[in-house]
Amino acid sequence: MGNSRRLIASLVAALLAYALHAFGPSTHQRLLVLGALRWKLNSTPDVEVFVIRDTTHCEDLHYHVPSETLFTACEDDHTTRFGWFPPLANFDDAELGKRGRGSIHVINPKTLLSQRLVFDNFDSTFVTHGIDVISDPKRPDGEAVYIFAVNHVPDPDSAKARSQIEVFYHVIGSSSVKHLRSVWHPLIRTPNDIFARSPTSFYVTNDHHYSRHGLMRTLEDLYHGANWTETLHIRLDSLATNHGAYSTEGVDASVALPDMHNSNGLGHGRSATEILVTSCASGVLYIGKISQEPANTTITTNDLVAFDSIIDNPSYFSDPFASRWGTDHSGFLLPGLARATDLGRTHRDPKATEPVIVWLARPAKEKSKPGKSGAPISWEKRVLFEDDGNRIRSASASVLIAIDPKTSLETGSSTGARKAWLFVTGFLSKNIIAVKIDL
Ligand SMILES: *[C@@H]1O[C@H](CO)[C@@H](O)[C@H](O)[C@H]1NC(C)=O
Ligand SMILES: *[C@@H]1O[C@H](CO)[C@@H](O)[C@H](O)[C@H]1NC(C)=O
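Going by my numbering, the sequence shown opens with residue 1039, and the numbers climb by one from there.
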């Protein structure tokens, strides 16, 4: 990528921003979401930040409740992501990308220790991005999990990516993760995140229509009417087979949710049939429904929550102490960048800092008038954590783990104070961090 092309892209971006400003109806909101109006950066004060060692560039993070284990996929190397990261249209160094050997980590949320799982049956390029983790339905909950992970493998025949999905199996408590198969399909073009419905049925988002840098990609990022991406559904005939690169044998793909602007993170919601889909650059969380009928793979969206920043991988925090302690603190957790407009300039710079913001959204207390579908009509959105990029750089995933209010009492904090551990990670963050926050 030549400097001149990058310069042109920035000029066009500036022009577009200007045009949107002059003519767009919802221009102010667009500029707010992209961070162009966020002149002053905030950092949540008075919190102790715990750094989890050996968690370099882990884009996604999941809390598997039955096993009380955090799962993440990390690059494990400070260089790969700055030379090869297709999701940010960085195809600079395919050789470096090819040498990428990321890994799956488990983190114990009590000790804050991260452990790289040893691969069984897998010794090839692993350029990490979104993951999902589901219990093995054939075993008691909490004994074993299937892990799905996006892998942005460089294509040997072009300077592009031949991104695919890896399916792994892990027995909780063991130190290894077994590779079952890779999944490739031409519809999986710019995969970002995964939602597994069963070991052989999953959803995956494409985040861009234009995979390479250029005018159209810039337009796609800035203009919220560019609803050119989708969520796919993938069905596998079997987990045992592996037909090699570019084989679609036994892989069925279809569009489950079309026409979204920059579809991005996927998450599990309040029930087995609720799916969370984010339109990242628009700053919108869609709350959708899937069917329990295996043949019906369509996603329908019932409700949306709009935020004043771009948002990435969503997660749902279900408050386990709600019934015992009266107030239910459950909600949707959305991490994002406070100033997305800077990303084009910073993402190749190992020393840059992208400021972050983490939101918690809950149905507003005065939900007296539910909407037609029974969904609450207003949302309370609270900034749970902010940073200017010095304590954590970029934020793409976050999870909350409640602290038993009894422990808070014992340690002498105010009566029954409700607290939780907030874990935040970013696609460019050196380490995952954990902070204790008030719910
Ligand atoms: C997508 O964009 C087209 C053209 O701008 C518009 O007509 C259509 O309603 C949009 N679809 C959705 C689902 O927003
Ligand atoms: C498929 O599932 C969706 C989401 O639950 C639902 O809205 C739709 O009616 C279902 N379609 C059929 C044909 O059953």
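All residues carry an ideal CB built from backbone N, CA and C; glycine is no exception. A quick note: this is a predicted structure, and the numbers were derived from the prediction, not measured.
Problem - Continuous alpha helix (DSSP H) stretch holding residue 1137: start and end - result: 1132–1137
Practice task
Given a cut-off of 8 angstroms, decide if residue 1198 and residue 1129 are closer than it, judged by their beta-carbon atoms.
Solution key: yes
Handout entry: Separation of residue 1445 from residue 1491, as counted between CA atoms
Key = Summary: the structure shown does not reach residue 1491, with the chain confined to residues 1039 through 1477, and so no result is reported for it.
Problem - Heavy atom of ligand 1 within 7 angstroms of residue 1302 beta-carbon - result: no
Handout entry: Simplified DSSP state of residue 1191, which is helix, strand or coil
Key = coil
Handout entry: Exposure of residue 1151, with buried meaning 16 or more beta-carbon neighbours within 10 Å
Key = exposed
Exercise for the section: Kindly give me the distance between the Cβ atoms of residue 1328 and residue 1235, rounded to whole angstroms, as I take these residues to be in contact under 8 angstroms. Expected result: 7 angstroms
Practice task
Alpha carbon to alpha carbon, how far is residue 1464 from residue 1185? Give it in angstroms, no decimals.
Solution key: 19 angstroms
Problem - Environment of residue 1266 [buried if 16+ CB atoms lie within 10 Å] - result: buried
Handout entry: Where residue 1245 falls: helix, strand or coil (DSSP)
Key = coil
Handout entry: Sub-8 angstroms separation of residue 1384 and residue 1304 beta-carbons
Key = no
Handout entry: Start and end residues, alpha helix (DSSP H) containing residue 1309
Key = Careful: residue 1309 lies outside any alpha helix (DSSP H) and carries neither H nor E.
Practice task
Determine the burial state of residue 1393: buried for a count of at least 16 other Cβ atoms within 10 Å of its Cβ, exposed for fewer.
Solution key: buried
Practice task
Grab me the residues of residue 1163's own chain with a C-beta within less than 6 angstroms of its C-beta, minus the 5 sequence neighbours each way, in chain order.
Solution key: 1136, 1138 and 1191
Problem - Three or more C-beta pairs below 8 angstroms linking the stretch 1286–1293 and the stretch 1268–1275 - result: yes
Exercise for the section: Consider the C-beta atom of residue 1263 and the heavy atoms of ligand 1; say whether any pair is separated by less than 7 angstroms. Expected result: yes
Handout entry: Assigned secondary structure, residue 1120 (DSSP; H/G/I helix, E/B strand, else coil)
Key = helix
Exercise for the section: May I ask whether a heavy atom of ligand 2 can be found less than 7 angstroms away from the beta carbon of residue 1239? Expected result: no
Handout entry: contact_flag[the stretch 1457–1471, the stretch 1373–1392] where n(CB pairs < 8 angstroms) is 3 or more
Key = yes
Exercise for the section: In angstroms with no decimal places, state the Cα-to-Cα distance between residue 1076 and residue 1225. Expected result: 37 angstroms
Handout entry: Paired residues, beta bridge with residue 1143 - DSSP
Key = 1110 and 1154
Practice task
Could you say if the stretch 1175–1185 and the stretch 1204–1221 meet the contact criterion of at least three C-beta pairs nearer than 8 angstroms?
Solution key: yes
Exercise for the section: Measure how close the beta-carbons of residue 1350 and residue 1435 come, nearest whole angstrom, since I'm counting them as under 8 angstroms. Expected result: 7 angstroms
Practice task
Tell me whether residue 1325 counts as near ligand 2, meaning its Cβ is closer than 7 angstroms to at least one heavy atom of that ligand.
Solution key: no
Problem - Where residue 1352 falls, given that 16 or more other Cβ within 10 Å makes a residue buried - result: buried
Practice task
Report the three-state DSSP secondary structure of residue 1072 (helix, strand or coil).
Solution key: coil
Exercise for the section: Select from 1074, 1093 and 1431 the residue whose C-alpha is nearest the C-alpha of residue 1387. Expected result: 1431
Handout entry: Sequence-distant residues of its chain with Cβ nearer than 7 angstroms to residue 1369 (five each side left out)
Key = 1355, 1398, 1399 and 1400
Exercise for the section: Kindly list the residues whose CB is nearer than 6 angstroms to the CB of residue 1319, restricted to its own chain and excluding five residues on each side of it in sequence; keep chain order. Expected result: 1259, 1300 and 1348
Handout entry: Three-state secondary structure (DSSP) of residue 1163
Key = coil
Exercise for the section: State yes or no: is the beta carbon of residue 1313 nearer than 8 angstroms to at least one beta carbon in chain D? Expected result: Looking for chain D here will not work: only one protein chain is present.
Practice task
Confirm the yes/no value for this check: CB of residue 1425, any heavy atom of ligand 1, distance under 7 angstroms.
Solution key: no
Practice task
With DSSP as the reference, label residue 1481 as helix, strand or coil.
Solution key: The displayed coordinates of the chain run from 1039 to 1477. Any statement about residue 1481 would go beyond what the structure contains.
Exercise for the section: Count the other C-beta atoms from every protein chain shown that fall within 10 angstroms of the C-beta of residue 1106, then say buried if there are 16 or more, exposed otherwise. Expected result: exposed
Problem - Burial state of residue 1477 (16 or more Cβ within 10 Å) - result: buried
Problem - Pairwise C-alpha distance: residue 1049 and residue 1390 - result: 21 angstroms
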